[in-house]
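Take a look at the structure below.
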Amino acid sequence: MARGFSDNVVVRAANKLAVASMDLPLVGRFVRRGLVKIRYVGRRSGATFEIPVGYRRSGESIVIPVGMPDAKQWWRNFLGAGGPITLVGFDGQDQPGHAVAHRDDRGRVAVTVRLDAP
């Protein structure tokens with residue numbers, strides 16, 4: 001299988017840097033304003049994954065826009081009825097929720113997360 005841009009060593013290194021910067025005392029709170037780690041279980045492998053993603057709040061929901069969706073697989077875990085997801089360290093604690101992925105008529109993909117009630 002050909003390696004795509006999202007499999008690139010540079011992208012993996014950037015993800016590691018982004019995750020590490022989230023925990024830095026001086027810059028972490030600024031990075032966390034638009035970046036969160038998500039944890040989910042793979043639909044085929046059953047393995048648990050944690051990746052950094054950009055997000056925005058939309059009312060009671062969290063929306064995760066997926067850049068280059070055809071080069072990525074993670075969001076496909078949330079097609080159809082969706083599935084469980086955890087936003088790691090979100091607002092200071094792990095927040096479980098339910099995520100559903102949608103592709104619009106222009107091919108853009110977003111994953112909408114509804115957090116579980118506290």
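The UniProt record's numbering puts the first residue of the sequence shown at 1, with every later residue one more than the last. For each residue, glycine too, the CB sits at the ideal point set by N, CA and C.
Within the same chain, 86 and 88 come within 6 Å of residue 94 by CB-CB distance, once the 5 residues on both sides are set aside. When only Cα atoms are considered, residue 36 and residue 105 end up about 27 Å apart. Cβ-Cβ distances below 8 Å link residue 47 to 41 in the same chain, with the five nearest sequence neighbours on each side left out; the list follows chain order.
In the three-state scheme derived from DSSP, where H, G and I count as helix and E and B as strand, residue 115 is classed as strand. Under the criterion of beta carbons closer than 8 Å, residue 18 and residue 69 do not qualify as touching, at roughly 19 Å. The alpha-carbon of residue 71 is positioned some 20 Å away from that of residue 82.
The alpha-carbon separation between residue 84 and residue 45 amounts to approximately 15 Å.
Where residue 91 is concerned, there is no enclosing beta strand (DSSP E), because DSSP gives it neither an H nor an E.
With a contact defined as Cβ atoms closer than 8 Å, residue 99 and residue 109 miss out at about 12 Å. At a cut-off of 4 residues, the continuous stretches assigned as alpha helix (DSSP H) that sit fully inside the stretch 21-76 are 28-31.
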